[in-house]
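One structure is given below, encoded as structure tokens.
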Amino acid sequence: PSPTAEKVVLEQQPLLLNNLAPTDPMYTDLKLEHDFTSAVLAPIVTNKRGIGYIFCDRANGEEFNSSDLLHLQVLGYIIGNLLEKFELISTSKKLSQIDDATKALQYKAFVPAFSTELERAKTHDYQIGLALLSVDAFRKYLDTYGIDEAHALLAEVVSVTKEQVREMDFIARFSADQFILCLSGLTPEETEHHLSKISTAVSEKVIGQGDMSVSLVIGSLHLGTEKALNETVQNIISTLGKKLVQAKNKAIARKKA
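If you want it as structure tokens, here you go:
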């Protein structure tokens with residue numbers, strides 16, 4: 097804003113100006129699209145902080161009075177109060193979408209987000225990588241150390257995973273010890289590279305209790321064709337579940353070998 101308007105915002109005090117001459121520096125400072133002779137500025141305050149202002153002017157020589165000033169102050173207060181409520185509602189909605197224990201998205205928030213991402217991929221012609229990450233150590237942690245330590249383990253896995261992906265990617269808690277990860281705009285090779293980085297980072301950075309090692313079993317699916325992107329979310333998730341089962345069977349076979 098202009099210096100005059102900025103002062104109104106910062107000091108949270110209204111300003112009444114009548115018979116302002118075009119040669120007055122304050123006139124030049126405040127003028128918007130058209131000429132005026134009188135003006136009123138009132139701050140918009142939310143959470144006890146000035147965030148903007150209301151500007152009213154008149155060009156016909158008619159002056160504003162203290163009643164006009166009061167009405168504009170009340171309007172600024174109402175707008176600020178509404179913005180504060182909208183902010184609280186928005187924050188509450190965001191918090192309701194987050195899993196308290198792990199800080200990943202809840203699965204109920206993942207489904208609409210993933211559905212939207214599928215539509216974007218079809219519209220803008222890009223590919224999507226999808227993965228289920230299984231933290232098998234969770235069950236042993238739960239039995240040995242209790243629910244708090246087990247959840248702390250999952251939270252650490254989520255934190256390390258987020259460090260390896262981009263801001264546009266998102267991860268949600270799929271079940272007690274599994275997470276679902278969406279990686280957008282990547283080729284199959286790039287998707288596998290990201291998943292390999294995640295797996296390595298979890299093994300190296302997540303510090304387990306006692307002698308329990310922490311690693312991931314990952315089942316992945318790449319949606320790179322029009323047919324794949326047009327599958328229902330239910331079918332995609334079902335196919336992804338089968339990929340995780342296959343990955344777990346391979347991991348068991350390797351341990352036995």
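Position one of the sequence shown corresponds to residue 97 (the numbering used here), numbered consecutively onward.
Beta carbons are placed, not taken as given, at the ideal position from N, Cα and C, and that holds for glycine.
Remember, predicted model here, so these are calculated numbers, not experimental data.
S280 classed as buried or exposed, judged by whether at least 16 other C-beta atoms fall within 10 angstroms
Counting from 1 along the sequence shown, the entry for residue 280 is found at position 184. Buried is the call here.
Start and end of the alpha helix (DSSP H) containing R262?
Residue numbering aside, residue 262 sits at position 166 when the sequence shown is read from its first letter. Looking at the DSSP string, R262 is not in any alpha helix (DSSP H), and its letter there is neither H nor E.
Going by alpha carbons, who is nearest to Y237 out of S230, K127, A248, L228?
Mapped onto the sequence shown, residue 237 falls at position 141. Per the Cα distances, A248.
What three-state label does DSSP hand L249 in the structure shown?
Numbered from 1 along the sequence shown, position 153 holds the residue referred to as residue 249. Look at L249 here: in three-state DSSP terms it is helix.
Coil, strand or helix - A197 by DSSP:
Locating residue 197 in the sequence shown gives position 101, where the first residue counts as 1. If DSSP states are grouped into helix, strand and coil, A197 belongs with coil.
Using a Cβ-Cβ cutoff of less than 6 Å, which residues in the same chain neighbour T198 once the five nearest sequence positions on both sides are dropped?
As a first step, residue 198 is located in the sequence shown; it is residue number 102 there, counting from the start. Counting only Cβ-Cβ distances below 6 Å, and skipping sequence neighbours, we find L250, A251, V254, R269.
Where I147 sits in the DSSP three-state scheme
As a position in the sequence shown, residue 147 is number 51, starting the count at 1. I147 falls in the strand class under three-state DSSP.
Spatial neighbours of I175 in its chain, beta-carbon cut-off 7 Å, leaving aside the 5 residues before and after:
To locate residue 175, count along the sequence shown from 1; it is residue 79. Closer than 7 Å at Cβ, skipping near neighbours: I140.
Please report the Cβ distance between D153 and A135, rounded to the nearest whole angstrom; I am assuming they are in contact, meaning their Cβ atoms lie under 8 Å.
The residue you call residue 153 lines up with position 57 of the sequence shown. The residue you call residue 135 lines up with position 39 of the sequence shown. With a Cβ gap of about 4 Å, D153 and A135 count as contacting.
For P284, name the three-state secondary structure that DSSP assigns.
Position 188 of the sequence shown, counted from the first residue, corresponds to residue 284. Of the three classes helix, strand and coil, the one that applies to P284 here is helix, per DSSP.
Applying the criterion that 16 or more other CB atoms from any shown protein chain within 10 Å of the CB defines a buried residue, is S354 buried or exposed?
One cannot answer for residue 354 here, as it falls past the ends of the chain, which runs 97 to 353.
Tell me S98's beta-bridge partners as DSSP assigns them.
For this step, residue 98 is matched to residue 2 along the sequence shown. None; S98 has no bridge partner.
Exposed or buried, which one is L277 when buried takes at least 16 other CB atoms within 10 Å?
What you label residue 277 is simply residue 181 of the sequence shown in a count that begins at 1. Buried.
Nearest to A324 (by Cα), restricted to the options E263, L226, A347:
Locating residue 324 in the sequence shown gives position 228, where the first residue counts as 1. Looking at the Cα atoms, L226 is the closest of the given residues.
Distance between L184 and L229 (C-alpha atoms, nearest Å)
As a working mapping, residue 229 is identified with position 133 in the sequence shown. As a working mapping, residue 184 is identified with position 88 in the sequence shown. Going from the Cα of L229 to the Cα of L184 covers about 33 Å.
In terms of DSSP beta bridges, what is A268 paired with?
If you number the sequence shown from 1, residue 268 lands on position 172. DSSP, once it has assigned bridges, lists L201, I276 as partnering A268.
To the nearest angstrom, report how far apart G242 and F234 are at their CA atoms.
Against the sequence shown, residue 242 aligns to sequence position 146. Against the sequence shown, residue 234 aligns to sequence position 138. Going by the C-alpha atoms only, they are around 10 Å apart.
Mind checking which residues open and close the beta strand (DSSP E) that includes A347?
Taking the first residue of the sequence shown as 1, we reach residue 347 at position 251. Counting along the chain, A347 falls outside any beta strand (DSSP E), though it belongs to the alpha helix (DSSP H) covering 329 to 352.
Tell me the DSSP secondary structure of P139 in three-state form.
Against the sequence shown, residue 139 aligns to sequence position 43. The three-state secondary structure of P139, taken from DSSP, is strand.
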